[in-house]
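Protein chains: 2
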Amino acid sequence: MIITGKHLIAGEWTQANAPTFASVNPRTKLPGANVFAEASADEIDRAVEAAAAAFTETRNYAPEQRAQFLEAVAAEIEALGDELLQVCDAETGLGLPRLTGERGRTTGQLRAFAEHVREGSYVEAIIDTALPERQPAPRPDIRRMLIPIGPVAVFSPNNFPLAFSVAGGDSASAFAAGCPVIVKGHPSHPATSELVAGAIACAVEQCGFPAGFFSLLQGAGVEVGQALVKHPRLAAVGFTGSFRGGRAIFDTAAARPKPIPVYAEMGSVNPVVILPDAVATKGDGLVSAIAGSVTLGSGQFCTNPGLIFMVDSEASSVFVGDVAKAMAAQAPGVLLNAGVEATLDRQVSRTLGKAAVTLVTGGAVAHSDGFCYANTVMQTTGAAFLDDPGLTDEHFGPVTLFVMCESLDQIKTIITRLDGNLTATVHASDAELATAGDLFDLLREICGRLILNGVPTGVEVVHAMVHGGPYPATSAPNSTSVGRTAIQRFLRPVAYQNLPDALLPDALKDANPLGIWRIVDNAHTRDAIG
Amino acid sequence: MIITGKHLIAGEWTQANAPTFASVNPRTKLPGANVFAEASADEIDRAVEAAAAAFTETRNYAPEQRAQFLEAVAAEIEALGDELLQVCDAETGLGLPRLTGERGRTTGQLRAFAEHVREGSYVEAIIDTALPERQPAPRPDIRRMLIPIGPVAVFSPNNFPLAFSVAGGDSASAFAAGCPVIVKGHPSHPATSELVAGAIACAVEQCGFPAGFFSLLQGAGVEVGQALVKHPRLAAVGFTGSFRGGRAIFDTAAARPKPIPVYAEMGSVNPVVILPDAVATKGDGLVSAIAGSVTLGSGQFCTNPGLIFMVDSEASSVFVGDVAKAMAAQAPGVLLNAGVEATLDRQVSRTLGKAAVTLVTGGAVAHSDGFCYANTVMQTTGAAFLDDPGLTDEHFGPVTLFVMCESLDQIKTIITRLDGNLTATVHASDAELATAGDLFDLLREICGRLILNGVPTGVEVVHAMVHGGPYPATSAPNSTSVGRTAIQRFLRPVAYQNLPDALLPDALKDANPLGIWRIVDNAHTRDAIG
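Chains as they are written, first to last, in our numbering: chain A, 1 to 530; chain B, 531 to 1060.
As structure tokens, then:
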């Protein structure tokens, strides 16, 4: 497959500015053969204008049309074959087994959203029929449903080059809603982005969608994204990435003359609480589960367990040592790029510079041909943690910090001071569960997903998934970026008052031609009206 | 009933600062006997801290507990008797018939939310059961529901002293969700606010809720609200009022170290399109419907029809004249306060200062003992409207602007350039409806509620109501402040992974003890699991 280095704007491959950046193979630190350019102001404008024009058609597309499009995108990604995985592996170093799985997750998400829009109840139709005899005035007929919000910008992160990137969860849920998408590709895997954009373009053409339904803009600096978010015709933003990047996008969107919602998933330290009896009863299995979760994908997951709280004891000290041993025994994995390595090194050095923090294992850039950091375990005390808010900072990589506390009460006090997280995890024996209710109550308040006796890594793409949480895990605590309810981010409600059946959308017609679940006069039903 | 002039903070009536303001009777322009103070920084802090402390209990209250509380608030408001209406009338001049109706709406909303939380399906429970045999790894059990978001600040407007104020829709939906509320009362009706706050305090005590579940802070300047929104323990804001006030609150919340969602309903010009055949066939009935809607409540409704688009013709000119005549024949009503009168006078003068705008009737402060402005009709052309974005500005009062257009196509062009509105209305004959599909398609994009052959004033409190819309109608286009789905603003999703039944909330337990509708393995059901 030929990589052009160009942007895809409403079906056309263009490149106004001269190329300035290439991806780098993280295993060799050598730049790839293809060079890419920053999208120009004119290219950004054309992409959003084309999206707005496309929206005047796609906002009225039937669910079946959107479902077929989502399936076509999945099929076109599969049709790229293993070359997609090879190009992606050369840009990310994530390895073919992981990328094969991630491709399956990506196409699975697209097909799940196809099923979701076909099923159709996601429009949350609510109907209150007229009361013509009501005194002193008749009550009108009011029917409400969710409609698509408009053109959506999607910012993809470095760590999921397929499942959270060009055709990832944000794009899939926006497409499912009927919203055109403009992706700002991540500069760490631009060739991968281009290949997937080509697949989407094929699906757009195949399905007869307007070309402006999808565009890809490349760029290595912050300017393209900032200009994109400021465009007056943009309606919403999906973002996955760093706290600094997400907050910058959020601030720009909030400062617009017409602010727009930003759904930014910005990172998380994913606290884990390991209760004493769990250590005593679960032994080696728990050691290898924790070590495996911290080092999975070189620790480059937003659900990586970065803080582990235990009650200090001889047994818990042995446990920390065992986790450190297991992690040290694993060869450290390759990191995504130079920036991840440099940032991680700076973050760990800063944490290790604190008097109350000791290094258990790792703690330095690893000798390697590629970007690499030693699997790292650090340790501190509950009292020190309470004294220093800086100890909650994320270390993005195969690194965790054990916090050895005086008591379970001290752990609970710490939890009430934690910021928002994507996940929170408890390991407990059956006996401990009986008294753990208030621990769960506290943890629930600071996370989007609460896990018992498992690990936070591995986000199931199921209907019930919540991949979100209080700030700074996300900028919008009432949303999720994984699972079927992610579609709600790109919808808004509208009510129709006294419209005749012929002018109503199918979802609201008396006969319920879509056969969806609705709430009619306060009752859940799939029945027709009248 | 004795009015103290104090704030209510977690069950205690306090006043740290000296009183500085009184409400003014809009019929006489004379100040009331009671004086009120700005809440102090310490009072604001105590109110929010008490709310946060209360939340640690109320977030786990059963639906039935919350339902009983909402019903108790309604009963306590009724127990205030007609003195509440008299105090309120003296502060607002809205008149006893209107206020009697508004009280009924207020208690009706509270009881509707009680019914809604008892029914219980609003938590949107979604369950994906485990697949222990899945390869390569078992799928965990994931169960998701909506939980309350935390302490909510409510800003009440001047124009609905009961239904959108201290115990209005924002407070009712936050209470229903289990969220403590801190109301910043509107300085135009502080005695009304105090009486209703007292009723809520009685309900709090009666139901054994923590006292911090509700507080009322008085204030006439912007400082109390700004300090409230900056408080680190606040989780969300509901606001109804002016564009300037709402945007200031939105900006402050977005600039917080930890931003929080702001649901601001900020005003709307509520475009109305009257098609030619509707004029021909509906005659006098349509004239009096439009005149009545513009002048209802002295035009002080957020759904007041401020822009009316017609195709220019002899018939439509006659129609404008007839509406003007009908409005001139009505004695102008009293306005809420000096600020409303002064702002309206400035707004209308500015609009009339434009060369392309002509005055048809009214256009000046009316001679009266009270605050009063003449019922006003202005007129311009479609071409002038397209040239001057300033012609979309709101005139808050009994004022409307007719825009006489060259053609239906010109009306459609104008619609695509309008900002967001709460409502949009079309008057059409049956014959015109057959070809009006694209008109509705365009109007839908700029509003939260689309009305056929009716008037935008009169917002039914039904399940399907959408009182929201694209910016600047609201700061959050995916929300409504009226109707049962208003509760969603104060909820966020959380997922539980592999928790045993005993530790799950009732809404997610296998047996479905609440009997609510849930989505289990992608199917809508009220059945138990297993």
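Every residue, glycine too, gets a C-beta built ideally from N, C-alpha and C.
Bear in mind that the values here come from a model prediction, so they are computed numbers and not experimental data.
Item checked: Pairwise C-alpha distance: A/Glu-194 and B/Val-759 -> 44 angstroms
Note to self: At 3 residues or longer, what runs of the beta strand (DSSP E) sit wholly inside the region 901-954 of chain B?
What the structure shows: 906-911 and 929-935
Margin query: Taking 8 angstroms as the cut-off, does the region 282-291 of chain A touch the region 319-329 of chain A (at least 3 CB pairs, one atom from each stretch)?
Written below: yes
Margin query: So for A/Gln-497, helix, strand or coil by DSSP?
Written below: strand
Notebook entry, point to check: Which residue from B/Asp-1057, B/Pro-762, B/Leu-1034 and B/Pro-1035 puts its Cα closest to that of B/Gly-1045?
Noted result: B/Asp-1057
Margin query: Helix, strand or coil, according to DSSP, for B/Cys-977 in the structure here?
Written below: strand
Note to self: Taking the beta carbon of B/Leu-626 as the centre, do at least 16 other beta carbons fall within 10 Å, making it buried, or is it exposed?
What the structure shows: exposed
Next item on the list: Output the boundary residues of the beta strand (DSSP E) element that contains B/Arg-673.
Entry: 672-678
Next item on the list: Could you have a look at B/Ser-723 and say whether DSSP puts it in helix, strand or coil?
Entry: helix
Next item on the list: Report, in whole angstroms, the separation of the C-beta atoms of B/Arg-979 and B/Ser-703, which I expect to be a contact under 8 angstroms.
Entry: Rounded, the Cβ-Cβ distance is 18 angstroms, inconsistent with contact.
Margin query: Among B/Gly-535, B/Ser-1009, B/Pro-561 and B/Pro-549, whose alpha-carbon lies nearest the alpha-carbon of A/Pro-261?
Written below: B/Ser-1009
Note to self: Please classify A/Val-377 as buried or exposed, where buried requires at least 16 neighbouring CB atoms within 10 angstroms.
What the structure shows: buried
Check: So, is the C-beta of A/Ala-174 closer than 8 angstroms to a C-beta in chain B?
Finding: no
Note to self: Comparing C-alpha positions only, which one of B/Ile-677, B/Pro-561, B/Glu-568 and B/Ala-729 sits nearest to B/Met-531?
What the structure shows: B/Ala-729
Item checked: Proximity winner among B/Ala-546, B/Asn-564 and B/Gln-545, relative to B/Ser-553 (alpha-carbon distances) -> B/Asn-564
Item checked: Anticipated Cβ contact below 8 angstroms, B/Arg-1022 with A/Pro-276, distance rounded -> Incorrect: roughly 32 angstroms between the Cβ atoms, too far for contact.
Next item on the list: Whole angstroms is fine: what's the gap from B/Asp-1036's alpha carbon to A/Pro-470's?
Entry: 23 angstroms
Next item on the list: Inspect the beta-carbon positions of A/Ile-44 and A/Ala-227 and report whether they are closer than 8 angstroms.
Entry: yes
Item checked: Inter-residue spacing [alpha-carbon to alpha-carbon] between A/Gly-382 and B/Thr-550 -> 49 angstroms
Margin query: Just to confirm, is the Cβ distance from A/Ser-298 to A/Met-266 under 8 angstroms?
Written below: no
Margin query: Just to confirm, is the Cβ distance from B/Val-578 to B/Arg-763 under 8 angstroms?
Written below: yes
Notebook entry, point to check: In the DSSP assignment, what residue or residues form a beta bridge with A/Arg-139?
Noted result: A/Leu-131
Checklist line | For A/Gly-178 and A/Arg-143, the rounded distance between their alpha carbons | finding: 20 angstroms
Notebook entry, point to check: So which residues on chain B does A/Leu-450 lean against when the C-beta distance must stay under 8 angstroms?
Noted result: Val-1024, Ala-1025, Tyr-1026, Gln-1027 and Leu-1029
Next item on the list: Report the neighbours of B/Glu-990 on chain C: residues whose CB is nearer than 7 angstroms to its CB, in chain order.
Entry: Looking for chain C here will not work: the only protein chains present are A and B.
Check: Helix, strand or coil: which one does DSSP assign to B/Leu-866?
Finding: coil
Margin query: Assuming contact is defined by CB atoms lying nearer than 8 angstroms, are A/Ala-428 and A/Ser-268 in contact in what I supplied?
Written below: no
Next item on the list: Please report how far the alpha carbon of B/Ser-718 lies from the alpha carbon of A/Ile-414, in whole angstroms.
Entry: 44 angstroms
Check: Mind pulling the chain A residues with CB within less than 9 angstroms of B/Ser-1005?
Finding: Pro-259
Note to self: Distance check for B/Gly-623 and B/Lys-788, CA to CA, integer angstroms please.
What the structure shows: 41 angstroms
Item checked: Near-chain A residues of the region 954-965 of chain B - C-beta to any C-beta below 8 angstroms -> Leu-963
Checklist line | Interface partners of B/Arg-974 on chain A, CB under 8 angstroms | finding: Ile-147 and Val-494
Notebook entry, point to check: Do the region 631-642 of chain B and the region 605-612 of chain B meet, that is, are 3 or more Cβ pairs less than 8 angstroms apart?
Noted result: yes
Notebook entry, point to check: Where are the alpha helix (DSSP H) runs, 4 residues long or more, that stay fully inside the region 734-788 of chain B, in chain order?
Noted result: 753-760 and 773-784
Next item on the list: Would you kindly work out how many angstroms separate the C-alpha atoms of A/Asp-42 and A/Thr-343, rounded to a whole number?
Entry: 33 angstroms
Notebook entry, point to check: Looking only at its own chain, which residues have a Cβ that is under 7 angstroms from the Cβ of B/Lys-536, when we skip the five neighbours before and after it?
Noted result: Trp-543, Thr-544 and Gln-545
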